[in-house]
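Using our numbering, read the sequence shown as starting at 337 and increasing by one per residue. Virtual Cβ for every residue (Gly too), placed ideally from N, Cα, C.
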Amino acid sequence: MDHAEPSGHDGKITVAVVDDHQLFRQGVEMSLGTHADLAVIADCANGEEALKVIRALKPNVVIMDINLPGLNGIQVVRQIVAEKLPSRVIMLTAYDDVEQILHAMRAGAAAYCAKEVEPDTLVEVIRAVHQGRYVVNDEIFDEAGIEEWMDQGVKNIAGQYYAELADSFAPLSPREMEILQYVTRGMSNKEIAHSLQISHQTVKNHMTSILRKLAVEDRTQAAVFALRRGWVRLQDTGVSPDEEDKEGE
Numbered sequence: 337m338d339h340a341e342p343s344g345h346d347g348k349i350t351v352a353v354v355d356d357h358q359l360f361r362q363g364v365e366m367s368l369g370t371h372a373d374l375a376v377i378a379d380c381a382n383g384e385e386a387l388k389v390i391r392a393l394k395p396n397v398v399i400m401d402i403n404l405p406g407l408n409g410i411q412v413v414r415q416i417v418a419e420k421l422p423s424r425v426i427m428l429t430a431y432d433d434v435e436q437i438l439h440a441m442r443a444g445a446a447a448y449c450a451k452e453v454e455p456d457t458l459v460e461v462i463r464a465v466h467q468g469r470y471v472v473n474d475e476i477f478d479e480a481g482i483e484e485w486m487d488q489g490v491k492n493i494a495g496q497y498y499a500e501l502a503d504s505f506a507p508l509s510p511r512e513m514e515i516l517q518y519v520t521r522g523m524s525n526k527e528i529a530h531s532l533q534i535s536h537q538t539v540k541n542h543m544t545s546i547l548r549k550l551a552v553e554d555r556t557q558a559a560v561f562a563l564r565r566g567w568v569r570l571q572d573t574g575v576s577p578d579e580e581d582k583e584g585e
């Protein structure tokens with residue numbers, strides 16, 4: 337759809353939809369279009385375009401997939417928070433594990449729902465988020481409630497792995513552990529290189545070593561692996577990346 341210019345929307349909740357599947361975006365738009373209090377004002381296929389639209393139109397609510405081309409959903413959320421943009425983000429995604437949910441909510445998302453969510457339920461989530469609430473699947477929280485939920489989630493995860501301390505040994509070098517912590521913040525290789533004042537190629541070499549040692553396929557799996565082992569705490573992943581060079585690897 338064409339991106340509308342910022343303007344009044346008769347008090348409606350303005351929504352942007354971000355997903356790399358056009359049919360999914362169209363389905364969400366059609367579903368929301370039947371509700372008089374909602375107005376879909378933009379749709380985007382990738383993270384970079386989403387940031388441009390969010391900066392320009394400032395929709396009240398953004399429905400966004402985590403797994404996007406270029407900037408992923410968590411990186412986009414972090415940038416929204418860093419720039420103090422007013423839009424609140426609903427992560428609507430196929431991923432459904434507690435570590436990923438905690439990661440998204442710590443990044444600054446306001447809600448996390450499965451893509452299979454019923455249309456009427458999604459509408460209620462949008463309304464709740466617009467009112468300042470937080471939603472995880474079917475649970476609605478205020479700010480204090482979501483903080484308590486996240487703290488308990490961290491404790492539950494930690495408890496699972498303290499029982500297996502022998503498996504908690506990190507086979508990574510101090511530099512690799514440092515880079516892995518930046519990865520859990522959603523930072524790209526280029527951003528990590530800038531922060532550590534080392535070359536982009538050096539970071540790539542370290543990432544290759546990390547993936548090999550942990551026997552995982554990508555950086556997301558590496559981040560989840562580290563969180564599960566307790567090598568990186570979710571409380572330590574709240575630093576927003578630099579606003580410069582928001583590129584991929």
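Self-check item: Distance between S524 and L407 (C-alpha atoms, nearest Å)
Solution: Between L407 and S524, the C-alpha separation is close to 9 angstroms.
Quiz item: Is it true that the stretch 419 to 429 meets the stretch 538 to 549, where meeting means three or more beta-carbon pairs spaced less than 8 angstroms apart?
Solution: Touching, no, given that fewer than three Cβ pairs across the two stretches are closer than 8 angstroms.
Quiz prompt | Cut-off 6 angstroms between Cβ atoms - residues of its own chain near I399, not counting five sequence neighbours on either side | solution = The answer, listed in chain order, is V353, I426, L428.
Self-check item: T538 (DSSP reduced to helix, strand or coil)
Solution: Of the three classes helix, strand and coil, the one that applies to T538 here is helix, per DSSP.
Exercise. Name the one or two DSSP bridge partners that M427 has.
Key: In the DSSP output, where bridge partners are listed per residue, M427 has M400, Y448.
Quiz prompt | Among V417, G481, A375, G409, the one whose alpha carbon lies nearest that of E385 | solution = For the residues V417, G481, A375, G409, the minimum Cα distance to E385 belongs to G409.
Quiz prompt | Length of the line joining the Cα atoms of L532 and I476 | solution = Distance between the alpha carbons of L532 and I476 is about 39 angstroms.
Practice problem: Measure the beta-carbon distance from H536 to I515 and round it to whole angstroms, keeping in mind my assumption that it falls under 8 angstroms. | Solution: With 8 angstroms as the limit, H536 and I515 do not qualify as a contact, their Cβ atoms being about 12 angstroms apart.
Quiz prompt | Secondary structure of A372, DSSP reduced to three states | solution = Coil.
Quiz prompt | Local conformation of E419 per DSSP, three classes | solution = In the structure shown, the three-state DSSP call for E419 is coil.
Quiz item: Relative to the alpha-carbon of G369, which residue among D474, D456, D487, T538 has its alpha-carbon at the smallest distance?
Solution: Out of D474, D456, D487, T538, D456 has the C-alpha closest to the C-alpha of G369.
Exercise. Assign A352 to one of three DSSP states: helix, strand, or coil.
Key: Residue state, collapsed to three classes: strand.
Quiz item: What's the C-alpha gap between G485 and G468?
Solution: According to the sequence displayed, residue 485 carries Trp and not Gly. It is roughly 16 angstroms from the alpha-carbon of W485 to the alpha-carbon of G468.
Quiz item: Of the residues P510, Q358, G522, which one's Cα is nearest the Cα of D379?
Solution: Ranked by Cα distance from D379, the first of P510, Q358, G522 is Q358.
Exercise. Using DSSP bridges, identify the partner residues of F477.
Key: Residue pairing for F477: DSSP places it in a beta bridge opposite Y470.
Quiz item: Taking Cβ to Cβ, would you say L387 is nearer than 8 angstroms to Q415?
Solution: Yes, these two residues count as a Cβ contact at 8 angstroms.
Quiz item: Start and end of the alpha helix (DSSP H) containing G441?
Solution: In the sequence as displayed, the identity of residue 441 is Met instead of Gly. It spans 434 to 443 - the alpha helix (DSSP H) in which M441 sits, taken as one unbroken run.
Exercise. On a CA-only basis, which of P405, A375, N396, D373 is nearest A381? Give me that one, please.
Key: Taking A381 as reference, the option from P405, A375, N396, D373 with the minimal CA-CA separation is P405.
Quiz item: What residue range is occupied by the uninterrupted alpha helix (DSSP H) comprising I383?
Solution: The residue you asked about is not Ile; residue 383 is Gly in the sequence shown. DSSP places G383 inside the alpha helix (DSSP H), whose first and last residues are 383 to 393.
Practice problem: Give the single residue among I462, E460, V413 whose Cα lies nearest to the Cα of A443. | Solution: Of the candidates I462, E460, V413, the one whose C-alpha sits nearest the C-alpha of A443 is V413.
Self-check item: For V472, the nearest candidate out of R463, H466, I482 (CA to CA)
Solution: Minimum Cα distance to V472 is reached at I482.
Quiz item: D379 by DSSP, collapsed to three states: which one?
Solution: Strand, per DSSP.
Exercise. For G347, count neighbouring C-beta atoms within 10 Å of its own C-beta (all shown protein chains included) and say buried if the count is 16 or more, exposed if not.
Key: Counting Cβ neighbours within 10 Å, G347 comes out exposed, since fewer than 16 surround it.
Quiz item: Exposed or buried, what is E527 when buried is set at 16 or more other beta-carbons lying within 10 Å of its beta-carbon?
Solution: Within 10 angstroms of the beta-carbon of E527 lie 16 or more other beta-carbons, which makes it buried.
Quiz item: Which class does E500 belong to by DSSP, given the choice of helix, strand or coil?
Solution: Residue placement at E500 cannot be trusted, given a pLDDT of 45 that sits under 50; what the coordinates show is reported in the next sentence. If DSSP states are grouped into helix, strand and coil, E500 belongs with coil.
Quiz item: When you compare each of V453, N396, E365 to A446 by their alpha carbons, which one comes out closest?
Solution: Residue N396 is the option with its Cα nearest to A446.
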